[in-house]
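For reference, the structure is listed below as structure tokens.
2 protein chains.
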Amino acid sequence: MKARATLSSSSPSPPAPAKATAGSNAERSRHHNRKVVLGYISANAPAGRAEIARASGLSTQAVSNIIADLEADGFLASQGRRKGARGQPPVQYAINPDGAAALGFELRPDALFVTLVDIGGAVRHSARIPLAASGPAEAAFEIMKAANTAIAQSGLERSRILGAGVVMPGPFGIELDRGSEAELHGWADTDPAVFLSNALEMPVIVENDATAAAIAERVRGVGAGLDTFCFVYFGTGLGLGIVARGQVMRGAFGNAGEIGHIVVEPGGRPCECGQSGCLEAYTSRLALRRMLAEAGVKADSAAEIEALHEAGAPALTAWLDSAAPPLSRAIAMLENLLDPQAVVLGGALPDRVLDDLIARLDLPAASVSNRPDRKRPRVLRGVSGRTTAALGAAALVIHDTITPSLEPS
Amino acid sequence: MKARATLSSSSPSPPAPAKATAGSNAERSRHHNRKVVLGYISANAPAGRAEIARASGLSTQAVSNIIADLEADGFLASQGRRKGARGQPPVQYAINPDGAAALGFELRPDALFVTLVDIGGAVRHSARIPLAASGPAEAAFEIMKAANTAIAQSGLERSRILGAGVVMPGPFGIELDRGSEAELHGWADTDPAVFLSNALEMPVIVENDATAAAIAERVRGVGAGLDTFCFVYFGTGLGLGIVARGQVMRGAFGNAGEIGHIVVEPGGRPCECGQSGCLEAYTSRLALRRMLAEAGVKADSAAEIEALHEAGAPALTAWLDSAAPPLSRAIAMLENLLDPQAVVLGGALPDRVLDDLIARLDLPAASVSNRPDRKRPRVLRGVSGRTTAALGAAALVIHDTITPSLEPS
DNA sequence: AAAATAAACTCAAATAAGTTGAATTAATGA
DNA sequence: TCATTAATTCAACTTATTTGAGTTTATTTT
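Going line by line, the protein sequences match chains A and B.
Under numbering that gives the first Met the number 0, the first residue of the first sequence is numbered 0, with each subsequent residue one higher.
Under numbering that gives the first Met the number 0, the first residue of the second sequence is numbered 0, with each subsequent residue one higher.
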């Protein structure tokens, strides 16, 4: 669901143009190699030219040229020479956080979240803007205003903004009528990426919350060292972001990751989607809210939930107990199907509640994921908190400029 | 789990070499572009130079050079000019089936299956060789003998063999002790890809049965037009091959696709793996065999099962009825998680039994996969039959030479 | 029937990257 | 101090694609 909005009007020839994978040439190789170098330094800073050359298979000369380029563009900063070993000490380079940044937006019916994240992964600006209306015109107006504020406050030049990521409620391209209460109205006939790209005059990537959250963790969180992992996102419902070999998995129609409506308890609790025993009916904020309401407790905001947890409220504990087993099954399933390095939990639940939920998980010992050489836990908690989605939106843009695609060409 | 066996002995430097994505240069661009052109023609034959240039973004001149190359190498054959339109009629090209081929092996404890598939997707040779022993030495000997026979019978020159794919029981790198009855002994300390590559003196790819089957369908079956799909493979247990954007998904440790042991019926039938309600306990040949045995029927071979099905044996019908609901849930889950274009069923069950099983599936209407614009059924039956795995092994090699990786570089 | 148009294709020179191999620089260790 | 090791740079080279002009072959229009 990404779009580098360019309004190319290809001739409408009838015999379906049948796109192929793009061919490569010197210029595209250049882009790729710059990403390779940036990505390596991002993951292994500080690093010297020779080291990068060895890791990438490029000649030291090529790396040298690329680094000179990237340094001139402000993406890299020299860190001096590392001494101690034999031979000429390598000049070490690291990402220059002031070199570039990206905007991230989370658009909801009632509010707009804005973030500005630099290529070092640091959050330079973050704000919440209440919205009266969330149609394309109003949203675009607020987004443009928020972008200007964010850029001004960050002290960065506008030319240093790589682009914007936008998270908005999906799924797109298909009507599911799953009683979605968080829908955006007025966007039916608008391609958000193209529309917002024209408004902001910069590249725009539109993505769902769970995937954005996953990338947020990868760029600046527990996912830093992870190449292949899943992010289970507690939003209104439950979402899943899948990253495999550093690439986002979107599925054939951009709707991959609908983990909320997989059946974990056949014949179990009825779900709004018409099925019974959906994971979302047990393990989601909706389910939590329902259980609290049944117990006569009213709590919706994260702060209220955190307070309940602090106080050891029985209704919350009961929810944790009922949410953990279905989630355990779902995670075991993810491990079996996707063989990830880890599964990350995060989103709009307080960290401590998530930690508590993770502690209650019971994952099968006989699993492809229970490797003897594991270094990190099978399940991790995300560290970006409630702004994960907006952060992730920005992170997506950064990820895009830093992460090369799989193979060379 | 693929390995272009090259015995490079990198210096064992302590500070972990930290591999990066490979950089690109002119030569790698060349490889990539040849794959792009081959892949396009393979999917859209016959095609002309200009058409390929438009689809790939390459200049017509570049395409022209590449096609000249590929034709000289024997990979392409001209199909004459297509008339009827305005302008100079384009010279059409198609894959030349005699240009190259790949060997495929399925190694089991008791037998070795061999196939030779050409780049057109046609099976040129196929055989089953009983094995007395399946250790590395014995297997390598039989594989080399079988390779020679296959190549000789195909009438192709040895230089036209691109490589070999090998399917052997996994999972690798981890001991699961799931009561696997189909294990291979003596391979614990051997890297099969390197070992067999040295023996055969050609590149060798080792893969699991389900993934191989998926690629078989993609290269020469119902998966022809599919880029993102899943293959549920009935082997001894139950396997899953995942293809996303034309790339095989192997997971972080090469063990993705363990669909047999996801829990579809919590608290249900006990499984050898220690869990209860695993999909494999219901929907697999093991489960079928068990149900037949309980009914006093003994049938193991595909022919026997087909006969039972033909006769409408109650025990078989009972199995179908018990296998379909768990499988439906599993497929719905795959659809929700991976949003594939289709899910393909295949492997070591007779086609008619698979068709019958598919007919009994009950998939939720409210699904991201139930798109209004669907052209093909959500679930398809594979067409490669019982030799799928060995075919797929060969297909993997062909897929590798024909399918470029995602983005240019 | 001739001219105009359209499209595919080829030729030759230009270009833009990465590669190669020799030379240079700057540290450690004997 | 001198040999060794390793990073880096310089300048010439290589490779594959692009560019732009020109050619071929068909259809459509006049």
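All C-beta atoms, glycine included, are put in the ideal place defined by N, C-alpha and C.
With a 10 Å radius around the Cβ and a threshold of 16 neighbouring Cβ atoms, B:R351 comes out exposed. From the beta-carbon of A:K297, no residue of chain B is found nearer than 9 angstroms; the closest lies around 30 angstroms away. Using a CB distance below 9 angstroms, the part of the region 20-35 of chain B facing chain A consists of T20, A21, G22, S23, N24, A25, R27, S28, R29, H30, H31, N32, K34 and V35, ordered along the chain. Short of 7 angstroms from the beta carbon of A:P88, and not among the five residues preceding or following it, lie these beta carbons of its own chain, in chain order: R80, R81 and K82.
Secondary structure of A:R123 (DSSP, three-state): strand. Across the set A:V62, A:R289, A:G103 and A:A329, the C-alpha of A:A329 shows the shortest separation from the C-alpha of A:L239. The beta carbon of A:G164 lies closer than 6 angstroms to those of G103, I204, A392, A393, L395 and V396 in the same chain, with the five residues before and after it left out. The Cβ-Cβ distance between B:L106 and B:I128 does not fall below 7 angstroms. In terms of Cα proximity to B:A292, the closest of B:I150, B:C277, B:P313 and B:S125 is B:P313. Sequence-distant partners of A:A76 (beyond 5 residues in either direction) whose C-beta falls short of 8 angstroms from its own C-beta, in its chain, are E70, Y92, A93, I94, N95 and G98. Within the model, the alpha-carbon separation for A:L356 versus B:S275 is close to 23 angstroms.
Within its own chain, the residues whose Cβ lies closer than 7 angstroms to the Cβ of B:P135, once the five positions on either side in sequence are excluded, are G185, W186, T189 and F194, listed in chain order.
Within its own chain, the residues whose Cβ lies closer than 8 angstroms to the Cβ of B:Y39, once the five positions on either side in sequence are excluded, are A46, I51, A54 and S55, listed in chain order. Scanning its chain for C-beta atoms nearer than 6 angstroms, with the 5 sequence neighbours on each side dropped, one finds around A:L348 the residues F233, in chain order. Of B:A138, B:R219 and B:S300, the smallest CA-CA separation from B:G120 is found for B:R219.
Remark: three or more beta-carbon pairs, one from each stretch, lie closer than 8 angstroms, so the region 56-65 of chain B and the region 20-30 of chain A are flagged as touching. Judged by beta-carbon spacing, A:A323 lies beyond the 7 angstroms limit of B:G273, meaning their Cβ atoms are not closer than that value.
Around the C-beta of A:P269, fewer than 16 other C-beta atoms lie within 10 Å, and the residue is accordingly described as exposed.
Under the DSSP assignment, A:L291 falls in the alpha helix (DSSP H) whose first and last residues are R284 to E293.
Put simply, the backbone Cα of B:A302 is about 48 angstroms away from that of B:A67.
Excluding sequence positions up to five before and after B:G245, its CB lies within less than 6 angstroms of the CB of D226 and T402, all in the same chain and listed in chain order.
Taken atom to atom, the span from the alpha-carbon of B:M290 to that of A:A192 is near 54 angstroms. Considering only A:V242, A:L315 and A:P265, the residue with the shortest C-alpha distance to B:L336 is A:V242. Scanning the region 334-366 of chain A for uninterrupted beta strand (DSSP E) segments of 3 residues or longer gives 341-346, listed from N- to C-terminal end. Identification of residues in the region 379-403 of chain B having a C-beta nearer than 7 angstroms to some C-beta of chain A yields P403, given in sequence order.
For the region 230-248 of chain A, the residues whose beta carbon sits under 9 angstroms from a beta carbon of chain B are, in order, L239, I241, A243, R244, G245, Q246 and M248.
The beta carbon of A:G220 does not come within 7 angstroms of any beta carbon belonging to chain B, so the residue lies off that interface. For B:R27, the enclosing alpha helix (DSSP H) has its first and last residue at A25 to N43. Within 8 angstroms of the CB of B:Q274, the CB atoms of chain A belong to P363 and A365, in sequence order along the chain. Chain B has a Cβ within less than 7 angstroms of the Cβ of A:A255. Taking 7 angstroms as the threshold, the shortest C-beta distance from A:I261 to chain B falls below it.
Secondary-structure assignment with DSSP links B:P269 through a beta bridge to B:S275.
For B:S327, the closest of B:R157, B:R377, B:E137 and B:R249 by C-alpha to C-alpha distance is B:R377. Every beta strand (DSSP E) of 3 residues or more that sits fully in the region 198-264 of chain A is shown, in chain order, as 203-206, 228-233 and 237-243.
Separation of the CB atoms of A:V166 and A:N197 is rounded to 19 angstroms, and the pair is thereby denied contact status at 8 angstroms. When only Cα atoms are considered, A:L344 and B:E26 end up about 43 angstroms apart.
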